[in-house]
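Working notes, structure below.
Numbering (the working numbering), first residue to last: -16 to 92.
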């Protein structure tokens, strides 16, 4: 989606004159992306991260797969899922706090 927006949309023209140029699904400004270069960098970053996650999935499934006994241990499963839940929850909350409290970010919109 980011690459398509950077390559095929009228985002740069729309940013320069938003009153006379019709938008073609310009949702990136709400995320703080204000140029095609930032869209390209986001697309490349997403591609690299997707490849990293694909490799991590392959590695954990084929090379470092846990034994069946690990899945049958309720305490291990609980710790594993709670760590993910609390870690991602904390990261999400921190991002929410930064976006909503930083006035310099809001002043650009």
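Glycine is no exception: its CB is placed at the ideal position from the N, C-alpha and C atoms.
Using a Cβ distance threshold of 8 Å, determine whether the region 11 to 26 contacts the region -13 to -4, with at least three qualifying pairs required. yes
Name the two residues that bound the continuous alpha helix (DSSP H) containing residue 12. That residue, residue 12, is in no alpha helix (DSSP H); it is neither H nor E in DSSP.
Quick check: what's the CA-CA separation for residue 100 versus residue 69? With the chain running from -16 to 92 in the structure shown, residue 100 is simply not present.
Is it true that the CB of residue -6 sits closer than 8 Å to the CB of residue 29? no
Any idea what DSSP makes of residue 5, helix, strand or coil? coil
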